[in-house]
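Student: Taking the working numbering, the leading residue of the sequence shown gets 3, the next gets one more, and so forth. We treat Cβ as the ideally placed atom computed from N, Cα and C, and that holds for glycine.
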Amino acid sequence: MSKVVIDKETVKKIGQLARIKIEEHESEKYANDITAVLNWFEMLDEVDVSTTEPANNRNQQATPQREDIITDGGKVDAIIVNATDAKFNMFSVPKVVE
């Protein structure tokens, strides 16, 4: 098993790509943290899963679907009652663009 080592320059590059400001004093800590995570993932490669079946959708049941019907929700009157000004069952607002 080879150990992955992330240096401070790589952390700075990752920060630049992610548009995250990383202070100089933080880069050493982040380098150590990222190195530890990557080495942990590398340890997972040692686990023998050749006899393990995938665990996706164990119950094998289809997700129930409903027909997609477009409606106004039937609550127009209850919603419009809250408007300070309404016309034609719609909110009426002042013009904001000239």
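Count the other CB atoms, across all protein chains shown, that sit within 10 Å of the CB of I72; report buried if there are 16 or more and exposed otherwise.
Tutor: Exposed is the call here.
Student: Among V99, L40 and K97, which one has its Cα closest to the Cα of V6?
Tutor: Taking only the C-alpha atoms, the option nearest V6 is L40.
Student: Short of 7 Å in beta carbon distance, which residues of its chain neighbour K14, apart from the five on each side in sequence? Order them along the chain.
Tutor: Same-chain partners within the cutoff: I24 and S29.
Student: Verify whether the separation of the beta carbon atoms of T37 and I16 is less than 8 Å.
Tutor: Against a cut-off of 8 Å, the Cβ pair of I16 and T37 comes out as no contact.
Student: Spatial neighbours of N91 within its chain, please: CB distance less than 7 Å, with the 5 preceding and 5 following residues excluded, ordered by chain position.
Tutor: Closer than 7 Å at the Cβ level, and outside the excluded window around N91, lie V78 and I82.
Student: Taking 7 Å as the limit between beta carbons, can you name the residues of its chain near D87, skipping five residues before and five after?
Tutor: Only S94 meet the Cβ criterion.
Student: Using a 10 Å radius around the Cβ and a threshold of 16 neighbouring Cβ atoms, would you call A20 buried or exposed?
Tutor: The residue is exposed, with fewer than 16 neighbouring Cβ atoms inside 10 Å.
Student: For K23, which of helix, strand or coil comes out of DSSP?
Tutor: DSSP places K23 in coil when its eight states are reduced to three.
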